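Below: the structure, in structure tokens.
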Amino acid sequence: MRPDDKFDPDGKGLSRSTYHCTFLDSNVEYKRKVSELINSIFTKVMHQYLIDYKILTSNFYVKPPGKGTFQIHQNWPTTENINDTTLTIWTPLVDVDRQNGAIQVVEGSHKIVPDIAAATVPHYFCDFEDELIGKYLEVIPMKAGEGLIFDDSLIHYSGRNTSDNPRYAIQIETLPKEINPVVYYYDVNSGKNEFEIFEVNSEFFIKNSLEHLLTRPKLKSLGFVENRNKILSEQEFVEKLQSGDKI
């Protein structure tokens, strides 16, 4: 496994990340090998827990010592109907806690807002990200090899690896097996407040990277949906979070 960033990105480029993510790397051969390796190990185990789901993407995430803050975010939706439940499996390959970059979540945040997260639009919580990180996150300590399964619309984050050793983890995105995956694109220059939806497959995420989601994909368009996203205040967020089960 030889990614172009050598598992130690410099924080430059579009993503400005100081953590390694397979999807963000430019080495297509490496990305294909990662997909084949992870899928060969996880597919059988995954089907014991997720009935009639399939793997869409598989990634290694590596945080070098002293680096690797992962911005607070939701995962992008990958189905045409945003009410479909897509799930991420996150598995550390070393024991993790707050010190070395364990995943942190805002419990219940997947229930409250039908938001479409995409590469060219702000998160609905963009006005109070610091408050979310400071007050609302729950750290999930895990042992090497344990798996955390969560809804892709859950707000999550992981801090800088302050330990002396790299933090290795695997991330797998899944969706119901009968559904064809999509990506959403919002053209900020079009003057129209709408997302265009494009049909993709697993190969798209191997051959492409972040820059291909910042411009209109050269793929089959499935049409447009209105952008109903709304930027919330912290108070609005708290009120919705408290009513999550009802929502």
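Each residue of the sequence shown is one higher than the one before, counting from 3 in my numbering. Where is the CB? At the ideal position from N, CA and C, for every residue including glycine. Since we're looking at a predicted model, the values are computed, not measured.
Starting from residue i, trace the alpha helix (DSSP H) in both directions and tell me its first and last residue.
i    : result
K65  : From DSSP, K65 is part of no alpha helix (DSSP H) but of the beta strand (DSSP E) over Y55 to K65.
T45  : V30 to M48
I208 : S204 to K209
Q25  : It should be noted that the sequence gives Phe, not Gln, for residue 25. Where F25 is concerned, there is no enclosing alpha helix (DSSP H), given that its DSSP letter is neither H nor E.
V240 : E236 to Q244
Using 10 angstroms around the beta-carbon of residue i, count the other beta-carbons present and answer buried if the total reaches 16, otherwise exposed.
i    : result
R230 : exposed
A171 : buried
N191 : exposed
Measure the CB-CB distance between residue i and residue j and report whether it falls below 7 Å.
i    : j    : result
H112 : S155 : yes
Y55  : P178 : yes
I40  : L89  : no
E198 : S223 : yes
R218 : Y187 : yes
E236 : E133 : yes
K65  : G103 : yes
For residue i, which residues from the same chain have a beta carbon less than 8 Å from its beta carbon, with the 5 sequence-adjacent residues on both sides left out?
i    : result
L212 : L16, S17, F25, L26 and A121
D166 : P67
From the DSSP secondary-structure annotation, give me the bridge partner or partners of residue i.
i    : result
M144 : V98
Is the CB of residue i under 7 Å away from at least one CB in chain C?
i    : result
I142 : Looking at the structure shown, chain C is missing, and only one protein chain is on hand.
What are the boundary residues of the beta strand (DSSP E) that residue i is part of?
i    : result
Q76  : That residue, Q76, is in no beta strand (DSSP E); it is neither H nor E in DSSP.
Y187 : V184 to Y188
F130 : F130 -> no beta strand (DSSP E), and no H or E assigned at all.
E213 : Taken as a continuous stretch (DSSP letters only), E213 belongs to no beta strand (DSSP E), as it is neither H nor E.
Going by beta carbon distance, what residues of the same chain come within less than 6 Å of residue i, once the five residues before and after it are set aside?
i  : result
S2 : The structure shown does not extend to residue 2, since the chain is modelled only from 3 to 249, so the question has no answer here.
Ignore the nearest five residues each way along the sequence and tell me which others in residue i's own chain have a CB closer than 7 Å to its CB.
i    : result
K35  : M3
I105 : W92, I142, L150, H158 and S160
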